[in-house]
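For the record, the sequence lines run as chains U and R. Start counting the first sequence at 0; every next residue gets the next number (numbering that gives the first Met the number 0). Start counting the second sequence at 0; every next residue gets the next number (numbering that gives the first Met the number 0).
Number of protein chains: 2
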Amino acid sequence: MSAASKQGIAADLIALLVAVNSGDPRVLTIQDQHALPSGPFELAHRSLQSGLRAWVERQTRLPLGYVEQLYTFADRDRTGTVDQRVISISYLGLTREQAGSGRHETNWRSWYGYFPWEDHRLGAPPMEKMLRAGLAAWSEEAPDRAARRARQQRAAMLFGFDGHVWNEELVLQRYELLYEARLIPEALRGDDRPSARAATVVPGDSMILDHRRILATGIARLRAKIKYRPVVFELMPDTFTLLQLQRCVEALAGKLVHKPNFRRLIEQQELVEDTGETSQETGGRPAKLFRFRRAVLAERAIAGTKLPISGS
Amino acid sequence: MSAASKQGIAADLIALLVAVNSGDPRVLTIQDQHALPSGPFELAHRSLQSGLRAWVERQTRLPLGYVEQLYTFADRDRTGTVDQRVISISYLGLTREQAGSGRHETNWRSWYGYFPWEDHRLGAPPMEKMLRAGLAAWSEEAPDRAARRARQQRAAMLFGFDGHVWNEELVLQRYELLYEARLIPEALRGDDRPSARAATVVPGDSMILDHRRILATGIARLRAKIKYRPVVFELMPDTFTLLQLQRCVEALAGKLVHKPNFRRLIEQQELVEDTGETSQETGGRPAKLFRFRRAVLAERAIAGTKLPISGS
DNA sequence: AGACTTATACTCAACATCAGTATAATAGCG
DNA sequence: CGCTATTATACTGATGTTGAGTATAAGTCT
């Protein structure tokens, strides 16, 4: 049945590189642009992943620890340009923040600059009122009563309105809802009708093409993954205190966790080992410095680990 | 940084279509070939997923319920052909088994024909001895003692040797291990050295190109997914008994589940509703017939559901 | 010295999970 | 007709996990 199409479609590899610095999860963007770094997939590459690793490490000199494929997109209506057809294969990579020393100038930016509504560490963010109003208006536009109710329910579930619990993993679904509700600029591109001017546009920077969607996919994946795989450690320095580790998890998850339970789970599972040293920079009692037990990657890269992400 | 490569790379959409029939999970293959149906991605398609849906429904007339993207491959060394470079974007689709009424002749085949070692419903399968021996031999080939131990441990964890528990989700990792250990024919392709002839080749049909890897990816994804999303119901007829549902889950998971607990979880979560009818075909006491409550898709397409996959 | 901050250890209730057992309703058969 | 085999369905107790709270230790800052 196969017989691949011969009509020359181009393929781009897009890298979503994440680091966490002082309680701020950041993504690498191209200087002065809201764009993720990307490069073409070439015939010389042995595989997609090795192709990505190759040019990222060459161009940014970042030590790429963990890398995983995110998603492959080729939507006609969401690239902005209509004529050219590109398949975008996106990857998530975890690293530690360093000066971008590659040929191209790069920038680390907080991902909450693009998704301010995703940070619930200090409770519901201030713009939630605006979100709520915008979504309510969109619900009202539904043709009939049933559709109206369905929209309201969907919005409430995703954003935690009306007693629904906030689920931090639904980043992509929330983004897609806002897109559908035309509350973000990407949804209005290439539409010149006067009606295209949105009544409300929600705060948060947008990105070129569908890069903000890729970022949403990556945040969602990472928020899910830290709960059952020891990937947080890829973002930490060699030695760290348990509170630093907790702050890193909280930064990613966008919500606070219960300190005693967090410590219990980390220690129970023997994910870390004591270095014998302590950190004085806590402001209070000095904290033990720990080191990730790399051995667990071999022991249960597989079997699974658990991080507690619950209420504060 | 971007600027997509202009060098005409072809993209294929590959469909892994799954149905369950009388305790047997099956995949749609091309008649008389161990190959998954695939079609080219064309410029006319609005998106990758809609492209896939279009040609699958046109060519097979199957009602595609649930569809999700699996993975995108472009490995040079695993396609068999070296000259041509194709990006394979694979999708998983759930359906109900029907006569393939499309233009191309198709076949439903048990996926355990390709992965006999993945069926643990009756305990460890008979070929496990052979697997064990093959993997032990591979471990011995390691250069030093540490590497030898690492190989042994990896094999034991993945296959549940030496007191390790069998984790049914690690389908892909097991396949990749067997590939690395050269215990499956795909690993020997394009290698004409005499040493390429494997001492042992494990039972189980292989497929063209890297299709067996795609199948492994799909089985793994599905086994993980049924635990927290109500996707099993896409594979069930309109009404069914709880035991039928259980058998379906067991067929997918490749292991038996505890009946009382299974029933409790299904009913507790209100995933199904009573139709009032009963089935006489049980051979014993007639069983109530249930229907999937489609409403839960709206209620918590999102919030999550749980299926108990534990010991028998 | 005393207030404040952070680290670390321990306790308890609520809940989910695992596994086993008991009873009900049918079919098949001598 | 009554027995057994088979399946459906309901209940029970032990165990483990999770969420949340409290108490104490060891520093810094004023």
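Yeah, the Cβ is synthetic: ideal placement off N, Cα and C, and Gly gets one too. What you are looking at is a predicted structure, and each value in this text was computed from that prediction instead of being measured.
DSSP assignment within the segment 50 to 75 of chain R yields no whole alpha helix (DSSP H) run of 4 residues or more.
As the crow flies, the alpha-carbon of R/H119 is around 24 Å from that of U/Y227.
Each residue's CA atom was taken as its position, placing R/W116 and R/P202 some 9 Å apart. U/L47 is positioned such that its CB atom lies no closer than 8 Å to that of R/T199. In the structure shown, the three-state DSSP call for R/L169 is coil.
Note: R/P39 is bridge-paired with R/D11 in the DSSP secondary-structure output. Under the 8 Å criterion on CB atoms, R/I86 is classed as interfacial with respect to chain U. Proximity of R/L16 to chain U, defined by a Cβ-Cβ separation below 8 Å, is not satisfied. When 8 Å is used as the limit between beta carbons, U/I8 is near these residues of chain R: G7, I8, A9, A10, F40, L42, in chain order.
Neighbours of U/A297 in chain R, taken as residues at a C-beta separation under 8 Å, are given in chain order as A149, Q152, R153. The shortest CA-to-CA distance from R/E266 to any of R/L176, R/T281, R/L255, R/Q245 is the one to R/Q245. Proximity to U/N20 across U/P236, U/E298, U/T240 peaks at U/P236, based on C-alpha coordinates. Within the segment 231 to 249 of chain U, not one residue has a Cβ closer than 9 Å to any Cβ of chain R. U/P115 sits in a helix when the DSSP states are folded into three classes.
When 7 Å is used as the limit between beta carbons, U/Q68 is near these residues of chain R: Y70, T71, in chain order. When rounded, the separation of the alpha-carbon atoms in R/N260 and R/L270 is 15 Å. For R/D118, the nearest beta carbon of chain U is not closer than 8 Å to its own beta carbon. Annotated three-state conformation of R/P285 is coil, per DSSP. With a cutoff of 8 Å on beta-carbon distance, R/L214 and R/G92 are scored as not near each other. The DSSP-derived three-state label of U/G92 is strand.
Beyond the five residues adjoining it in sequence on each side, U/P24 comes within less than 6 Å, by CB distance, of W110, A250, L251 in the same chain, given in chain order. Any Cβ of chain R closer than 8 Å to the Cβ of U/D74 would place that residue at the interface, and such an atom is present. DSSP places R/L242 within a helical segment (H, G or I) once states are collapsed to three.
For U/T274, the three-state secondary structure derived from DSSP is strand. For the options R/A18, R/S49, R/E272, the alpha carbon positioned closest to that of R/E41 is the one of R/S49. Non-local C-beta neighbours of R/R147 in its own chain, meaning closer than 6 Å and more than five positions away in sequence, comprise S138, A141, ordered along the chain.
Cβ contact annotation for U/L182 (same chain, cutoff 8 Å, sequence separation greater than five): L130, G133, L134, W137, A197, T199, V200, V201, in chain order.
Bridge partners of U/W110 according to DSSP: none are assigned. Going by beta carbons, R/Q58 and R/Y90 fall outside the 8 Å limit. Only exposed fits U/G275, as fewer than 16 other CB atoms lie within 10 angstroms of its CB.
Distances from the CA of R/D74 to each of R/G64, R/V85, R/P36, R/V66 were compared; the closest alpha carbon is that of R/V85. Within the same chain, Cβ atoms closer than 7 Å to the Cβ of U/P184 are found at V200, S205, the five residues on either side in sequence being excluded. Per DSSP, the unbroken beta strand (DSSP E) holding R/R25 starts and ends at 23 to 29.
In the structure shown, U/S87 falls within a strand segment according to DSSP collapsed to helix, strand and coil.
Residue contact check for U/R220 against chain R: no CB pair falls below 8 Å.
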